[in-house]
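Peer 1: One structure follows; several queries about it will come next.
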Amino acid sequence: MESNPEIEYNLLIESEQGQAVVELGQEQGWLDKYRHLLDTATRLTLLPRNDGLPFVSVALNGTKRWIYFSRVVGRMNTEERIRLYAIGWQDTINGKNVKSLLWIYSDGSVECADEPNFADYLNISGQIG
Amino acid sequence: MAATITIRVDYGAGPTTSGSITGIDLISADNAANSLANRVANPITVGDLSYEKWLKAYVEAAPDNKVENFQVWGDGAVDANTTLYIGSTGSANYTTPVDTTSAVATTDFTVCTSGSKFSWSSGSINGVGAVSDYLVFQLDTDEGAGVGNWTQETISYSYDES
Chain R
18 MESNPEIEYN LLIESEQGQA VVELGQEQGW LDKYRHLLDT ATRLTLLPRN
68 DGLPFVSVAL NGTKRWIYFS RVVGRMNTEE RIRLYAIGWQ DTINGKNVKS
118 LLWIYSDGSV ECADEPNFAD YLNISGQIG
Chain F
-14 MAATITIRVD YGAGPTTSGS ITGIDLISAD NAANSLANRV ANPITVGDLS
36 YEKWLKAYVE AAPDNKVENF QVWGDGAVDA NTTLYIGSTG SANYTTPVDT
86 TSAVATTDFT VCTSGSKFSW SSGSINGVGA VSDYLVFQLD TDEGAGVGNW
136 TQETISYSYD ES
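Quick mapping for you: the protein sequence lines, in order, are chains R and F.
According to the numbering used here, the first sequence is numbered sequentially starting from 18.
According to the numbering used here, the second sequence is numbered sequentially starting from -14.
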C-alpha cells in the first residue's frame, strides 16, 4: 500500500475562547496546538476544500464532547483506498457514555451510525498441493 | 499531506522486513513473495498448515497526530476444508514463522466480519518508522481440501487517523 487518499476537508473549531481553521493533514500536532479551543468547543465543522462536497457541522451544546477523525480503508493489491470522515459528539448521560457519529463518504454522502458500511478490500492468496 | 501507511511482512529469523506489499501467499515457505510462481513452487501439502505470515503496518509519512484502531474483517467464508486463522501480538514479540500450529493465529477468520471486526493493534502510532502490532495469518488444510489454487481471500482493513 502506498500513499493514502488526501484529506479533503479543513476543520473549523468554534469555541468560547475563539475559533480556528485546522488544515487537516498539514498541521502536525493540531490536537495540542488547539487544545484550548477544543476543550471549550461549541461547534465543529468540516469545511470542504473542493466544490461539490457539503460542509458538515456538529453543535456541541451543554456537556457534549467533540469527536473527529478520518478512517482509511484500502485494497492492498489494487492501491484502491477510500477515506471517510467521522464527526460527532459524545456525552455522559445517566452515567453512561452516549455518542452520535456522522460518517462522511468521499462523494459527500452522510451516514449516521456507530460504524460505516463499505466494500471489502485486501486480497490474500494461497496454493494447496 | 495525510499519513502514509504501508503494510509490510517480516519473515525469517532476523527478521527480514519486506517493502510495501500488495498481497500475501499462504504457502509451505517463509517469504514475502506474492506471485503465482511463488505459490506453485511452495504448495501446502493437503492436511498440513501453511507457514505463518507476520504483517505489520508501517508509518511512511507521519499523521498530524496519530493513527490507531487498526481492524481487519472478511466476508465470513473461505474454501471448504480449509481454515484461515488470524491473530495479533505486540510489535516486540516477533518469532520466526512456523508451519506448525501457530501460537498467535488462533482465531478462525470467518468469524471476523463487518459486524465483528478483528482489532489488530492496540494503542496508537505516529512517527515515521513507527509500526503497529503484528497481524499473523496461517492457513490450515484438512485432508479433504481441494488441490490447486485456494480461492483468493478478500480482507478489509482500516485504521483511524487524526
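Virtual Cβ for every residue (Gly too), placed ideally from N, Cα, C.
In the DSSP assignment, find the unbroken alpha helix (DSSP H) run with F:A90 in it and report its ends.
Peer 2: Taken as a continuous stretch (DSSP letters only), F:A90 belongs to no alpha helix (DSSP H), as it is neither H nor E.
Peer 1: Classify R:A25: buried if its beta carbon has 16 or more other beta carbons within 10 angstroms, exposed otherwise.
Peer 2: As written in the sequence, residue 25 of chain R is Glu, which differs from the Ala given in the question. R:E25 comes out buried.
Peer 1: So, does the CB of F:Y142 fall closer than 9 Å to a CB anywhere in chain R?
Peer 2: Interface residue, yes.
Peer 1: So for R:N27, helix, strand or coil by DSSP?
Peer 2: It is a strand residue.
Peer 1: R:L61 and R:V38 - do their beta-carbons sit closer together than 9 Å?
Peer 2: No, these two residues do not count as a Cβ contact at 9 Å.
Peer 1: Would you mind sorting R:S126 into buried or exposed? The rule is 16 or more other CB atoms within 10 Å of its CB.
Peer 2: Exposed, by the Cβ-count rule.
Peer 1: Indicate whether at least one CB of chain F lies closer than 9 Å to the CB of R:E128.
Peer 2: No, its Cβ sits nowhere closer than 9 Å to a Cβ of chain F.
Peer 1: Just the C-alpha distance for F:S76 and F:S87, rounded to the nearest angstrom, thanks.
Peer 2: Answer to the nearest angstrom: the Cα atoms are 17 Å apart.
Peer 1: For R:W106, which residues from the same chain have a beta carbon less than 7 Å from its beta carbon, with the 5 sequence-adjacent residues on both sides left out?
Peer 2: Cβ neighbours of R:W106 beyond the five flanking positions: V75, L77, K81, R82, W83, I84, K116, S117.
Peer 1: How would you call F:T67, buried or exposed, if buried means at least 16 neighbouring beta carbons within 10 angstroms?
Peer 2: Buried, because 16 or more other Cβ atoms sit within 10 Å of the Cβ of F:T67.
Peer 1: What are the boundary residues of the beta strand (DSSP E) that includes R:R98?
Peer 2: Its beta strand (DSSP E) spans residues 97 to 110.
Peer 1: Please report how far the alpha carbon of F:S106 lies from the alpha carbon of F:G72, in whole angstroms.
Peer 2: C-alpha separation (whole angstroms): 10 Å.
Peer 1: Examine chain F for any beta-carbon lying closer than 9 Å to the beta-carbon of R:P22, and answer yes or no.
Peer 2: Chain F contact via Cβ: present.
Peer 1: Going by DSSP in three states, R:L54 sits in which element: helix, strand or coil?
Peer 2: Here R:L54 sits in helix by DSSP.
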